[in-house]
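Numbering of the sequence shown is given in this note's numbering, commencing with residue 36 and proceeding in unit increments. Virtual Cβ for every residue (Gly too), placed ideally from N, Cα, C. Keep in mind that this is a model prediction, so the values were computed, not measured. Structure, as structure tokens:
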Amino acid sequence: MKTLHKPLQITVYQDVLCAWCYLADQRLEVLRQEFGDAVRWSVRPYPLRLHDVLPTEREVRGLVEEVKRAQRETDPTASLLSTDLWLGGDPPRSSVPALAALEAARLQGPQARAFLARSMQRAALEQGVNVSRSDVVFELASRVGLSMNQFSAAFRSEETRRLIYDEHRLAGSRGVRGVPTLVIGGRWMLCGLRELSEYREHILACLGKVVAPRSGSSERLVH
Numbered sequence: 036m037k038t039l040h041k042p043l044q045i046t047v048y049q050d051v052l053c054a055w056c057y058l059a060d061q062r063l064e065v066l067r068q069e070f071g072d073a074v075r076w077s078v079r080p081y082p083l084r085l086h087d088v089l090p091t092e093r094e095v096r097g098l099v100e101e102v103k104r105a106q107r108e109t110d111p112t113a114s115l116l117s118t119d120l121w122l123g124g125d126p127p128r129s130s131v132p133a134l135a136a137l138e139a140a141r142l143q144g145p146q147a148r149a150f151l152a153r154s155m156q157r158a159a160l161e162q163g164v165n166v167s168r169s170d171v172v173f174e175l176a177s178r179v180g181l182s183m184n185q186f187s188a189a190f191r192s193e194e195t196r197r198l199i200y201d202e203h204r205l206a207g208s209r210g211v212r213g214v215p216t217l218v219i220g221g222r223w224m225l226c227g228l229r230e231l232s233e234y235r236e237h238i239l240a241c242l243g244k245v246v247a248p249r250s251g252s253s254e255r256l257v258h
């Protein structure tokens, strides 16, 4: 889809350790191709595990159940999801290091960030690898061809960690409470995984192509 107008801004809040974000990414990629230059996408970090502490047994049970629910989605990639990340004996303590790696990769361009994000998602959510560990982060960054000196400096920087915490606070002040969350054109907030058709309908509505959806499952932004 081509446009001569200012692109529609869509902000996607996500956590690389989240199975629902993994599935949302697959659906949104279809729309990235479909809408082309009519939409400008911005992916922002929102850590579900903000603090550096091992998950409790109760938390692990909840996280495993979330993955099992995601596995029941009809997406072709849903069957690739694994609970091993949380049951494999080395669960992530925090999402912050993994998200900091993606912010460090972003400095080398949006495609560099996208390549690393996909690699981290597959390692964590399909293979059960703890991608919050520094050795894993550097291995994956090297595999996707990042400039490692530049990446290492940004990843180790306290400023990068502060950015993650600041983004979390800012998103919370705007009503974000979980991921995946889409903010479309400053008008609509879609929380949780949605069907491809629902994402498309809201985008078209904000582009003025269709009447705004009346579904009660979306939230009108007030901030």
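Residue environment: M155 is assigned as buried (16 or more neighbouring CB atoms within 10 Å of its CB, all protein chains considered).
Taking the C-beta atoms as reference points, V99 is found no nearer than 8 Å to W76.
If you ignore the 5 residues before and after S114, its C-beta comes within less than 7 Å of the C-beta of Q106, all in its own chain and listed in chain order. If you ignore the 5 residues before and after S129, its C-beta comes within less than 8 Å of the C-beta of P82, R84, L85, H86, D87, V88, S167, all in its own chain and listed in chain order. With 16 or more other Cβ atoms inside 10 Å of its own Cβ, N165 counts as buried. Here the alpha carbon of E69 sits roughly 27 Å from the alpha carbon of A206.
As for any alpha helix (DSSP H) of minimum length 4 sitting wholly inside the region 103-188, the runs are 119-122, 131-141, 145-156, 169-178, ordered along the chain.
At a Cβ-Cβ threshold of 8 Å, F186 and A139 count as neighbours. Straight-line spacing of the CA atoms in I45 and L217 works out to 7 Å.
Put simply, of L66, L58, S177, A59 the residue whose alpha carbon is nearest the alpha carbon of A147 is S177.
The bridge partners DSSP lists for C226 are T216. Judged by DSSP secondary structure, S208 falls within the alpha helix (DSSP H) whose first and last residues are 193-208. Here Q61 is near T112, since their CB atoms are less than 8 Å apart.
DSSP, read as helix, strand or coil, puts R96 in helix. When secondary structure is reduced to three states using DSSP, L231 falls in the helix class.
The Cβ atoms of V74 and I238 sit closer than 8 Å to each other.
Secondary structure at Y57: helix, using DSSP grouped into helix, strand and coil.
Non-local C-beta neighbours of P80 in its own chain, meaning closer than 6 Å and more than five positions away in sequence, comprise L134, I199, E202, ordered along the chain. Measuring C-alpha to C-alpha distances from L43 to each of R197, E64, I219, N184 identifies I219 as the nearest. Taking every protein chain shown into account, the CB of E194 has fewer than 16 other CB atoms within 10 angstroms, so this residue is exposed. Taking all protein chains shown into account, A188 has fewer than 16 neighbouring C-beta atoms within 10 Å of its C-beta and is therefore exposed.
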